[in-house]
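Inspection log for the structure reproduced underneath, given as structure tokens.
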């Protein structure tokens, strides 16, 4: 059995301003996540809304939920990178599961 890791979900923006984020730009982010955590699962686009604590403005936007099995230190690194990459005011991540198990075919007797 591979190392047991928590499973996180982070919300990545579908648009920056009024323009859709282009696929090549998302792929740059994907590559950075792969370098940090070694894997991820992209989910279907979801509608989100949140209120900024600094401006009290409500933001309604499309988000891409991404699930990542990694340590808390790694998800914090991914969050910082996400804020910079997508020029975000804030990034939301949540713990989905405290442990994930990965079994490889060669482990089966």
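In our numbering, the protein residues as written are 40 to 148. Just so you know, even glycine gets a beta-carbon here, dropped at the ideal spot from N, CA and C.
8 Å CB neighbourhood of residue i in its chain, flanking five on each side removed
| i | result |
| --- | --- |
| residue 55 | 125 and 126 |
| residue 132 | 47, 48, 49, 50, 114, 117 and 118 |
| residue 84 | 53, 101, 102 and 103 |
Backbone secondary structure at residue i - three-state DSSP
| i | result |
| --- | --- |
| residue 126 | coil |
| residue 73 | helix |
| residue 42 | coil |
| residue 117 | helix |
Nonlocal neighbours in the same chain, by C-beta distance under 6 Å from residue i, ignoring five residues either side
| i | result |
| --- | --- |
| residue 130 | 118, 121 and 122 |
| residue 107 | 47, 76 and 79 |
| residue 82 | 104 |
Residue i versus residue j - alpha carbon distance
| i | j | result |
| --- | --- | --- |
| residue 52 | residue 138 | 26 Å |
| residue 61 | residue 94 | 28 Å |
| residue 142 | residue 103 | 27 Å |
| residue 112 | residue 45 | 11 Å |
| residue 74 | residue 67 | 11 Å |
| residue 64 | residue 71 | 11 Å |
| residue 86 | residue 148 | 45 Å |
| residue 135 | residue 57 | 30 Å |
| residue 89 | residue 98 | 5 Å |
| residue 96 | residue 69 | 29 Å |
Limits of the unbroken beta strand (DSSP E) element including residue i
| i | result |
| --- | --- |
| residue 106 | 97-108 |
| residue 56 | Element bounds for residue 56: n/a, residue is neither H nor E. |
| residue 87 | 85-90 |
Start and end residues, alpha helix (DSSP H) containing residue i
| i | result |
| --- | --- |
| residue 133 | First-last for residue 133: 132-139, but that is the beta strand (DSSP E), not the alpha helix (DSSP H). |
Beta-carbon contacts of residue i that lie in its chain and below 7 Å, excluding the five residues immediately before and after
| i | result |
| --- | --- |
| residue 128 | 91 |
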